[in-house]
Amino acid sequence: MSQKATVLFDAPGPRARRRNAIIGVLGIALLAGGLAWVVYRFDQTGQFDSQKWDPFQYTAIQQMILDGLKATLKAFALAVVFSLVLGALLAAARLSDHRPVRWAATAFVTFFRAMPLLILIFFLYLAPAKLSYWPGFLDFINDDPMWPLVIGLSLYNGTVQAENMRAGILALPKGQSEAAYALGLRKYQVMTFILVPQGIRSMLPTIISQMVVTLKDTSLGFLITYEELLFIAKRLGSYQDYGLPLIPAAIVVGTIYIISCMILSGVAVWLERFLSRGRKGRVQKIDVVSGETLGAGAGISV
Amino acid sequence: MTEALDKTPPPDKTPSPRTAAPLVVLSKVNKHFGALHVLQDIDLTIHEGEVVVVIGPSGSGKSTLCRAINRLEPIDSGAITIDGNALPQEGRALARLRSEVGMVFQSFNLFAHKTVLQNVMLGPQKVRREARDVVEKRARALLDRVGVGNQADKYPSQLSGGQQQRVAIARALAMQPKVILFDEPTSALDPEMVNEVLETMRSLAAEGMTMVVVTHEMGFARSAANRVIFMADGRIVEENTPDEFFGNPRSDRARDFLSKILHH
């Protein structure tokens, strides 16, 4: 990596290398020290007591966590599907030739992208009950806290994904659409056959990074009593019988979150490699890796 | 057109078919890019079977002229007719007209996510809605004809520039166009690949394809063109047969241009 990073800065000389090594060692030492202190304090306050950790061996507790994971994944899957569909529609609308369509889509995207997700979810959870009129067929939204969560996630992530897809399409060389128009294809055909497939491929790392964000944001569901992983962790942590094992529950559930996100990132790398196989001829490993890190960075900045 | 493609081309250049019907007619065409008047009162008639080469210094408007013919660049005023019909402004009619006018770009512009064969088949299948097997047979024949038949299942990025441009020519031919526009087809190529593309174009010309070629290849203009159009500063300064134009340029502008490119 260090040899490849010359695009961003000069290759380090001997003095810089020595300094970097010192900074590296010091940094690692600091981190290790911090970690050791945390572990020491946890040990002192009895966080590693068997009373707090034994419950995780009970099948009932494991079932609880599993149910929480299921609920998390269910909300995640629904939110991803809805946000991708919404994203594709909004991206197409924002690239429309018709000004009203473009404006409406832009207003929609601007509003929901700027709206804090938590406010959106709270609103969807609390507002229906307060409204003087609420259509009966929408009752499912206040019957199950999953729906305010899924709808909120879909609206917010849909607008972000729309911008990702639009950026991907706009970044394509102009010649691609020109060649397609020159063949006599109509606008929708140019979009469907030429631009969208390529745009999505090039933005795939970013799109999947946003999915990772979506997965993590399902944890906001615990605030509106949706019984997902974090909610379960909180419940476990409040059990007097097990000595309020909040820290152990957080460690276990946190690990599950991290593993889920890593699996998703792994899928992203695999998918990128799979899709670029034809396009680039031979797969270039560096392209895939740098594409992934680029995407992850973009995902975080959103 | 297909029968014509199968014949081996006669090596010598065809006589100027000025007597044939006019296919592309531009009259009083004007276009501005902001303050820049890129096309100034362009009048140009291209007859069926004619090969017209457009040359001129960069920025003279020759590419814009080429791209205006299938409305990749809309014009400000004037009229363009193709085969007697006015160039439509938009929609289905414009798409249909474009399907009858082939275009080959400087940067090839092959669809990067499709194989060579799919690139050639896309137009006939999606625009003309022709049957798959018919299209595939024709596409493979065309790829063989331009000499890249054995690359059909590769992706564009796996091909050399010259091969890609020949695929682009096959893609244009697959639509069986009335005329093909070449917008500097060899300018993005490595020198050793220029000839293979020019050879393909030469054989097309010899078969009677109507062609408008914007190029810097004076050799091609000499050997394959029926007529040379010299453009400078958005105007057609001179038009003549290649022999006359290169042997005896009438305008100072053309003499100056030729002296700069021919002696070095």
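Protein chains in written order, with the working numbering: chain A, 800 to 1101; chain B, 47 to 310.
Where is the CB? At the ideal position from N, CA and C, for every residue including glycine.
query: Where A:F936 falls: helix, strand or coil (DSSP); result: helix
query: Contact between the region 1038 to 1051 of chain A and the region 936 to 951 of chain A (3+ Cβ pairs under 8 angstroms); result: no
query: Proximity test, Cβ basis, 8 angstroms: A:G998 and chain B; result: no
query: Beta-carbon proximity check, A:L868 vs A:F911, cutoff 8 angstroms; result: no
query: Beta-carbon proximity check, B:M247 vs B:G207, cutoff 8 angstroms; result: no
query: Neighbour-count burial assignment, A:I860, 16 or more Cβ in a 10 Å radius; result: buried
query: Cβ contact (3+ pairs, closer than 8 angstroms) linking the region 917 to 924 of chain A and the region 998 to 1007 of chain A; result: no
query: Within chain B, the residues that A:I993 reaches when beta carbons sit closer than 9 angstroms; result: F157, H159, K160 and L168
query: Local Cβ density within 10 Å of B:I307, reported as buried at 16 or more and exposed below that; result: exposed
query: Rounded separation between B:Q197 and B:R212 - CA only; result: 11 angstroms
query: Where A:M863 sits in the DSSP three-state scheme; result: helix
query: Residues of the region 949 to 980 of chain A with Cβ closer than 7 angstroms to any Cβ of chain B, in chain order; result: G974, Q975, E977, A978 and Y980
query: Contact residues within the region 825 to 848 of chain A, judged by C-beta distance below 9 angstroms to chain B; result: none
query: is_contact[B:R178, chain A] using C-beta, thresh 8 angstroms; result: no
query: Per-residue contacts from A:I984 into chain B (C-beta, under 9 angstroms); result: Here residue 984 of chain A turns out to be Leu, not Ile, going by the sequence shown. Result: A141, R144, S145, L168, G169, K172 and V173.
query: Contained alpha helix (DSSP H) runs [length at least 4] in the region 936 to 962 of chain A, N- to C-terminal order; result: 939 to 942
query: Exposure label - B:A271; buried when at least 16 CB within 10 Å; result: buried
query: 8 angstroms Cβ cutoff, A:Q988 in contact with chain B; result: yes
query: B:D229 - partner residues in DSSP beta bridges; result: B:V260
query: As assigned by DSSP and simplified to three states, the class of B:L82; result: strand
query: Three-way DSSP call (helix, strand, coil) for A:A1067 in this model; result: helix
query: 7 angstroms Cβ shell around A:V879 - same chain, five flanking residues per side excluded; result: M1010 and T1013
query: Proximal residues of chain A, C-beta to C-beta of B:M149 below 7 angstroms; result: A981
query: 8 angstroms CB neighbourhood of B:S106 in its chain, flanking five on each side removed; result: M277, A278, D279 and G280
query: Alpha-carbon to alpha-carbon, A:P811 and A:G1080; result: Unreliable positioning characterises A:G1080 in this predicted model, as indicated by a pLDDT of 45, which lies under 50. A coordinate reading is not provided.
query: Contact list for the region 233 to 264 of chain B against chain A, Cβ threshold 8 angstroms; result: none
query: Whether B:T261 touches B:K224 by CB criterion (8 angstroms); result: no
query: Residues near B:T91 by beta carbon distance below 6 angstroms, same chain, minus five either side; result: P68 and V71
query: Rounded Cβ spacing between A:V949 and A:L877 (contact assumed at less than 8 angstroms); result: 5 angstroms
query: Range of the contiguous beta strand (DSSP E) that encloses A:T844; result: Segment: none, A:T844 is in no beta strand (DSSP E) and carries neither H nor E.
query: Residue from A:F992, A:V1051, A:S1018 and A:L984 with nearest C-alpha to B:G148; result: A:L984
query: Span of the alpha helix (DSSP H) around B:N286; result: No alpha helix (DSSP H) holds B:N286; the beta strand (DSSP E) holding it covers R281 to N286.
query: B:N116 (DSSP reduced to helix, strand or coil); result: coil
query: With 16 other Cβ atoms within 10 Å as the buried cut-off, status of B:A267; result: buried
query: Proximity of A:L982 and B:L168 at Cβ, strictly below 8 angstroms; result: yes
query: Local conformation of B:N294 per DSSP, three classes; result: coil
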